[in-house]
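*Asks:* Just so we're aligned: the sequence shown equals residues -18 to -1, 1 to 74 in mature numbering (1 follows the signal peptide of the UniProt record, and there is no 0). The beta-carbon is built from N, C-alpha and C at its ideal position, and this holds for glycine as well.
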Amino acid sequence: MQFSTIIPLFVAAMGVVATPVNSPAQELDARGNLFPRLEYWGKCTKAENRCKYKNDKGKDVLQNCPKFDNKKCTKDGNSCKWDSASKALTCY
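(1) Can you have a look at THR72 and say buried or exposed, based on whether 16 or more other CB atoms are within 10 angstroms of its CB?
(2) What is the C-beta distance between CYS55 and ASN37, in whole angstroms, given that I count them as a contact (C-beta under 8 Å)?
(3) Looking only at its chain, what residues have a beta carbon closer than 6 Å to the beta carbon of GLY24, apart from the 5 residues adjacent to it on each side?
(4) So which of LYS39, CYS47 and LYS41 has the shortest CA-CA distance to CYS26?
(5) Going by beta-carbon coordinates alone, are SER66 and TYR22 separated by less than 9 Å?
(6) To test your reading of the DSSP string, which unbroken beta strand (DSSP E) runs of 3 or more residues are found completely within the stretch 35 to 73?
(7) Quick check: the Cα distance between ALA29 and GLY40, rounded to an integer number of angstroms?
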């Protein structure tokens, strides 16, 4: 065999040997438990387009709903959700 045909076979064989079948790194998420992913549910008002919910310390938080049609408050007393992981407020 020539040198140029042995090298690709050798590299392929090393790749097969070096790759584990069940890698524990695939099961781990590097950002898995760095912070709790919490969702806070509350009520929104259509006139003010504002959401009111309680945070983890029990305090009431007022936050303006987005002005996009699919995220703004459509009716008084509808639910709204603050997602602490993505820092996004969605009013329904």
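*Replies:* This is what the structure holds:
(1) For the purposes of this step, residue 72 is taken as the residue at position 90 of the sequence shown. Its Cβ being crowded by 16 or more others within 10 Å, THR72 is buried.
(2) Against the sequence shown, residue 55 aligns to sequence position 73. Against the sequence shown, residue 37 aligns to sequence position 55. Between ASN37 and CYS55 the Cβ distance is about 19 Å, and since that is not below 8 Å, they are no contact.
(3) As a position in the sequence shown, residue 24 is number 42, starting the count at 1. For GLY24, where only same-chain residues beyond five positions count, the Cβ hits under 6 Å are CYS33, LYS34, TYR35 and CYS62.
(4) Locating residue 26 in the sequence shown gives position 44, counting from the first residue. Residue CYS47 is the option with its Cα nearest to CYS26.
(5) Stepping through the sequence shown from its first residue, residue 66 is reached at position 84. Stepping through the sequence shown from its first residue, residue 22 is reached at position 40. Yes, the Cβ-Cβ distance between SER66 and TYR22 is below 9 Å.
(6) 42 to 46, 60 to 65 and 70 to 73
(7) Position 47 of the sequence shown, counted from the start, is the residue given in the question as residue 29. Position 58 of the sequence shown, counted from the start, is the residue given in the question as residue 40. If you take the alpha carbons of ALA29 and GLY40, they lie about 25 Å apart.
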